[in-house]
Every structure is written in C-alpha cells, then in structure tokens.
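In the working numbering, the protein residues as written are 732 to 913. For glycine and all other residues, C-beta sits at the position ideal for the given N, C-alpha and C. Values in this document were obtained by computation on a predicted structure and should not be read as measured data. Report on the following structure.
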C-alpha cells in the first residue's frame with residue numbers, strides 16, 4: 732500500500748511539473764511555457780498521473796524516482812490524489828542525496844519522501860487556504876501558505892497549478908519536500 736502511495740506521489744509530481752510548464756493563465760511568477768511545452772502537457776493531461784508525468788520532460792526525475800520506489804501501480808489507481816510535483820531542477824538541488832535515495836537499499840525511504848508529496852482527494856488551487864494543514868499519504872502534514880507573492884507548501888513555491896489527470900490533480904513545486912524526522 733505504501734509503495735502504491737509513493738508511486739502515486741511521484742506521478743502526481745511529474746504531472747504537476749508538466750502542467751506548470753504549460754501554465755493555466757494565472758500569473759504564478761513562473762516563466763511562460765513555450766508552445767512545445769504546452770502541447771506536451773496537454774497531451775499528458777489525458778492520462779493518469781503516471782502517464783502525464785511520463786509525457787512531461789521536466790518531470791523525468793520524478794518518474795524515475797516513482798519507478799525506483801515501485802509506486803507506479805499506486806499512482807495509476809483511481810484516486811483521486813493531489814500531488815505536489817517537484818521539477819527536475821528541484822531534484823537536482825538534492826545533489827548526492829538523490830542518488831542515495833535511488834539505490835535499491837533505500838527504496839522504503841524514497842517511498843516515504845515521494846508519498847509525502849501526495850494528499851488524498853483532489854484539491855485545486857482555489858481549494859487551498861492560508862494556514863491550512865494537509866494530511867499526506869505518508870502520514871505527516873504539509874502547511875499551506877497563501878500570500879500576495881503566491882502559494883507555498885512547506886516552504887516550496889507552487890509554480891504551476893491545477894494540472895489535471897484522470898485520477899487527480901497536480902501542482903508543480905520548486906523543491907523536493909522532505910518529511911520530518913521522527
């Protein structure tokens with residue numbers, strides 16, 4: 732079950748990044764998408780979270796992580812899920828930590844990180860409110876902040892919102908969220 736949840740998280744993250752690239756008409760502070768990026772994201776949006784992420788070049792690291800964590804099946808389930816999807820650049824910022832997490836011996840830890848990006852249900856940007864706490868599939872909570880500067884989730888800026896998939900919605904973020912240590 733945990734593996735499925737993590738996989739779903741990764742897929743949703745990938746979808747969010749793809750949708751962020753195409754934009755939704757809102758000014759999120761992110762650079763405008765090219766026609767190619769918009770077309771790729773629109774094509775990806777027709778499938779489930781994993782399919783959308785796989786069709787989005789800027790979510791390829793997320794797809795790799797979801798696969799390594801064996802969460803693909805989970806993210807293909809009906810859901811619905813809300814995924815806060817980190818971009819490839821967000822994963823690159825982890826440096827050597829990403830390579831360590833992708834090792835087979837660390838599959839459980841990777842799954843925990845990925846499922847920390849997934850919330851049960853379908854939450855659009857309009858559904859998010861300042862100070863709101865969201866329970867993740869992983870079990871810990873994310874804190875939402877809404878200001879004039881934009882929306883953040885646990886400090887990560889939401890750069891693209893409301894990327895639709897057949898089994899949920901993706902919001903692209905600029906950082907990989909790390910669950911609190913217990």
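task = Could you spell out the range, first to last residue, of the alpha helix (DSSP H) harbouring residue 783?
result = Counting from one through the chain shown, the residue named residue 783 turns up at place 52. Segment 780-785, the alpha helix (DSSP H) holding residue 783.
ask   = Which residue comes first and which comes last in the beta strand (DSSP E) that contains residue 853?
value = Against the chain shown, residue 853 aligns to sequence position 122. Taken as a continuous stretch (DSSP letters only), residue 853 belongs to no beta strand (DSSP E), as it is neither H nor E.
ask   = What does a CB cutoff of less than 7 Å around residue 828 pick up in its chain, not counting 5 residues either side in sequence?
value = Counting from 1 along the chain shown, the entry for residue 828 is found at position 97. Within the same chain, residue 828 has no close Cβ partners at all.
query = Using CA coordinates, which residue listed in 864, 872, 904 and 812 is at the minimum distance from residue 912?
reply = On the chain shown, residue 912 is found 181 positions in, with the first residue counted as 1. Checking every option, the nearest Cα to that of residue 912 belongs to 872.
DSSP three-state assignment for residue 788, whether helix, strand or coil = Here residue 788 is taken as the residue at index 57 of the chain shown, counted from 1. DSSP places residue 788 in helix when its eight states are reduced to three.
inquiry  = Within 10 Å of its beta-carbon, does residue 904 have 16 or more other beta-carbons around it, so buried, or fewer, so exposed?
reply    = Within the chain shown, numbered from 1, the residue matching residue 904 stands at position 173. Classification for residue 904: buried.
key: Reduced DSSP category for residue 811 - H, G, I as helix; E, B as strand; rest coil   = In the chain shown, the residue the question calls residue 811 occupies position 80. Residue state, collapsed to three classes: coil.
inquiry  = Please tell me whether residue 885 and residue 874 are closer than 8 Å, where the distance is taken between their beta carbons.
reply    = Start at 1 with the first residue of the chain shown, and residue 885 comes out as number 154. Start at 1 with the first residue of the chain shown, and residue 874 comes out as number 143. In contact: residue 885 and residue 874 (Cβ atoms closer than 8 Å).
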